[in-house]
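So the structure is just underneath, and the comments pick up after that.
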Amino acid sequence: MKMNAYALSDEEIRIIHNDSLQILEEVGVRIPVEKALELLEAGGAKIDWEKKNVSIPREMVAKALDITPKEFTLGARNPEFDFAMPSSYTAFTLDGAGANVIDYRTGKRREAVLQDVADAARVFEEVELGKVLWSPVVPYDVPGGPCGILNTATSFMNSSKHVQDEVKTLDEVQYVIEIAKAILGSEEEVIKRKIYSATYCTVAPLCHDEEMLEATMELTKYKAPVLILPMPACGSTGPASLYSNIAVANAEALSAITVFQLMTPGTPLIFGAALGIINMRNGIFLEGAMETALQLSAMGQMGKYYGMPTIIAGCLTDAKELGMQADIEKVMTCLPLVLGGVDAVNGAGLIESSMTMSFEQMLIDGEIGLMCNRMSAGIEVSDEKNFFMDIKEVGPGGHFLKRKNTRTAVRSSEFFTPELANRSTYSEWLKLGSPSMFSEAHKKVEKILSGELKNPLSPSTEKVIKEIMEEAKAKLR
Amino acid sequence: MADLYDEMRNSVLEGDEELAIELAEKVLTEKGNAMMAMNEGFLNGIQEAGRLFEDGEYFLPDLIFAADALKSALRVLDSELKKNEGESVKSKKIVLATVQGDIHDIGKTIVGTMMTANGYEVHDLGADVKNEEIIRAVKEIKPEIVGLSALLTTTMEEQKNIITMLEEEGIRNTVKVIVGGAPVNQNWADKIKADGYSDNAISAVKLADELTA
Ligand code: B12
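Here's what the structure looks like:
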């Protein structure tokens, strides 16, 4: 069977679901967007117009969940990379919105620039499990206004995979749609192919951001999928037990689902989560903690309970440098999610609590993901894998190297071969120049970035996108 | 009297807001010395809390409880303290805000708590605060320091804009500007000619101390 891991029992899932409904009814959420409040009121919610506080009755939540699509495909510019959810394996999202980069040429940490977004997209193109490209850093060398659009355009130009970003203002929505139209030709295709989706963070505890909600509601008119990303931190922006913090995060998610389904019934939504705990000495948000992993794993289960596609934060670390802490924390925050069967894990490529990107780490994370997926696939106990005849024929003593079954098994998916981890003998390894996972990853990064751009846009499309970028620079402040 | 001062100290140290208020009110009704109550009582408590924090025995919530108890006592004694304002109790003022367009407020709040715990009079304007509002606060409150928090690369720009506005208003040299937040670094602080930068609340206090020494 597949190998599974769950943080919550079925009973506990129902308890938390009910807790969240109770929070929505008795505490409510703050939604500072008039249009959303009107829709909610018309749907039967009680509104305190002055505080912009909404109590959402459970029937409304149920109705919203009912019309939330259970499956859809995140399209890619190159259809080969289309990602259908629910997925039989766990894919990876490039982690979003850091500030720094560990420069692969110098090994030193520095401020990120727009070129890093382009390079990251090119490296991500070659990550086998990488299906969703979130702009990994916010560059320092471009002004704030057009920054989001420049990132999105740069990602599309340098990768043919699905692009996910966020729309922070109403103005940005038209630009994003224009970019997608330039690639796909028409608005109908944009709606059908879904090559762009947006992340949407609720504001813990129990609030929504005015501009971001307005913009994201507008985006649903184009049926662009929205990844709902609650992130209360246990003890600071959320209550101080893992259990109640999950209930708050889940309540935030349900409130967002309700609003988006009222706005555009049947719009595709992805259940996400990025909750965590804090360092009680300095307040720092901790991503690589085991308690963070437990909460994220639980949220993955909540999303599945609602039958929604799930993309959950994971493969995270608070380490400031590449190395032991980073890799240990990344594995520990990735494996449970993969064993829980979430559709994608969001975290590849960044360290330092998602503040700093490393291309080498991105490739190492890709390998961590493959290892975790292999683990999750489990052990096949079937007639096909029952090699009793081999056992009988070899008998006690002897060996299995010269069995037909052994020869086929070598090339079967049952045995996974890592690309970066070393499996040579000691002297072989010395002869190879004593490679480490890092040095192997580094070599691959250099190879990718010194090579040709894969899957480029046609020159005419690229020209249109560059014009859109120029317009954004001129008009978005 | 010594016992009463101990009680005051402990009310802050334990973060018992109700008790702190009760004790402060007692000073007023019994016509005690507000200044002495502050210096010998309540402020001792916050200093001890700060020490315990540095020793690793106190955590953030402990400190926030203590800071709020102190603030409550201060509020009760405020008018009385102002009467004989002069030398000793005059604390340094700091205006804190997360810049406009940015709603991250935990880091800024923690900096505020740590400042309070170290004897600063903190005016926390909140998050997503309009630049004009910050300028107005600087003019009205006349703080020694203004602290600006920005957690987004795209809102860091406002720290620079605020400094420019302070210059335009001709009040730049009346106040020290310190900046912080995840994407902010020393390089940026230098570039926008801020007076200081720190990436955590404890060194933010040291920074403030140095700048106002
Ligand atoms: C919690 C959080 C949120 C919460 C905030 C809740 C709240 N009430 O504050 C919510 C969910 C609302 C949120 C929203 C968003 N967030 Co956010 N968020 C975070 C997160 C995970 C932790 C921030 C935090 O609380 N840290 C804990 C405190 C204690 O640390 P701190 O703020 O750094 O403060 C310390 C020091 O910096 C310093 N300091 C801070 N201020 C000051 C001021 C002075 C004067 C001084 C001297 C020192 C100082 O001292 C503090 C105490 O030690 C960070 C990631 C991270 N690793 O920082 C992202 C992060 C800041 N968010 C980010 C983003 C992009 C957003 C969103 C746009 C949506 C999104 N995609 O996530 C929206 C923005 C909305 C808006 N308009 O502002 C990015 C920013 C990327 C960038 N480079 O610009 C980050 C880095 C996450 C990421 N990697 O994607 N976020």
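Heads up: the protein sequence lines correspond to chains R and X, in order. FYI, in the working numbering the residues of the first sequence are 447 to 923. FYI, in the working numbering the residues of the second sequence are 721 to 933. Backbone N, C-alpha and C fix where the C-beta goes; we use that ideal spot for every residue, glycine too.
- Distance between R/Phe-529 and R/Val-609, taken at the CA atoms: about 11 Å.
- Fully enclosed alpha helix (DSSP H) runs of no fewer than 4 residues occupy 616-630, 633-639, 656-666 of the segment 607-680 of chain R, in order along the chain.
- Going by DSSP, R/Ala-794 is part of the beta strand (DSSP E) stretching over 790-794.
- Counted as a single uninterrupted DSSP element, the alpha helix (DSSP H) harbouring R/Lys-890 occupies residues 883-896.
- Annotation for R/Gly-812: Phe-538, Val-573, Glu-574, Leu-575, Gly-576, Ala-794 place their beta carbon closer than 8 Å to its own, counting only its chain and skipping 5 residues before and after.
- For R/Phe-805, the enclosing alpha helix (DSSP H) begins and ends at 805-823.
- Closer than 7 Å at the C-beta level to chain R, one finds these residues of the segment 814-834 of chain X: Ile-823, Ile-826, Gly-827, Ile-830.
- At a cut-off of 7 Å, the C-beta of X/Asn-920 has a neighbouring C-beta in chain R.
- By the C-beta criterion, the segment 497-512 of chain R is judged to be in contact with the segment 694-712 of chain R, since at least 3 inter-stretch pairs fall below 8 Å.
- When rounded, the separation of the alpha-carbon atoms in X/Asp-775 and R/Glu-775 is 27 Å.
- Residues of the segment 894-915 of chain X with a C-beta atom less than 7 Å from some C-beta of chain R are Ala-902, Pro-903, listed in chain order.
- Using a Cβ-Cβ cut-off of 9 Å, X/Leu-780 is close to Gly-681, Ser-682, Ile-724, Asn-725, Met-726, Arg-727, Asn-728, Gly-729 of chain R, given in chain order.
- For the 7 Å CB-CB criterion, R/Ser-605 and R/Leu-630 do not form a contact.
- Ranked by Cα distance from X/Lys-862, the first of X/Gly-827, X/Glu-841, X/Arg-771, X/Ile-766 is X/Glu-841.
- Rounded to the nearest whole angstrom, the C-alpha separation of R/Val-583 and R/Phe-833 is 51 Å.
- The beta carbon of R/Cys-780 sits no closer than 7 Å to any beta carbon of chain X.
- Residue-level contact by beta carbon fails for X/Glu-852 and chain R, as no gap is shorter than 7 Å.
- If you draw a straight line from the Cα of R/Gln-747 to the Cα of R/Ala-451, it comes to about 10 Å.
- Proximity of the segment 474-494 of chain R to the segment 651-668 of chain R meets the contact definition, three or more beta-carbon pairs being nearer than 8 Å.
- A Cβ-Cβ contact shorter than 7 Å links R/Ile-724 with R/Gly-681.
- DSSP places R/Met-801 outside any beta strand (DSSP E), giving it a letter other than H or E.
- Within 9 Å of the CB of X/Glu-768, no CB atom of chain R is found; the nearest one sits about 18 Å away.
- Bounds of any beta strand (DSSP E) do not take in X/Thr-875, whose DSSP letter is neither H nor E.
- The three-state secondary structure of X/Asp-844, taken from DSSP, is strand.
- At a cut-off of 7 Å between beta carbons, X/Glu-877 contacts chain R.
- Membership of X/Phe-773 in the alpha helix (DSSP H) is indicated by the continuous run 763-774.
- Under the 10 Å beta carbon count, R/Trp-495 is surrounded by fewer than 16 other beta carbons and is classified as exposed.
- Under the 10 Å beta carbon count, X/Gly-735 is surrounded by 16 or more other beta carbons and is classified as buried.
- In this structure, R/Thr-907 sits away from R/Ala-735, with a CB-CB distance that is not shorter than 7 Å.
- Boundaries of the alpha helix (DSSP H) around R/Phe-834: 834-840.
- Excluding the 5 residues flanking it on each side, R/Met-821 has same chain C-beta neighbours closer than 8 Å at Met-449, Leu-781, Val-784, Leu-785, in chain order.
- Spatial neighbours of R/Asn-691 in its own chain (CB-CB distance under 7 Å, excluding positions within 5 residues in sequence) are listed in chain order as Pro-678, Cys-680, Gly-684, Pro-685, Leu-721, Gln-741.
- Here R/Arg-869 carries a coil assignment [DSSP, helix/strand/coil].
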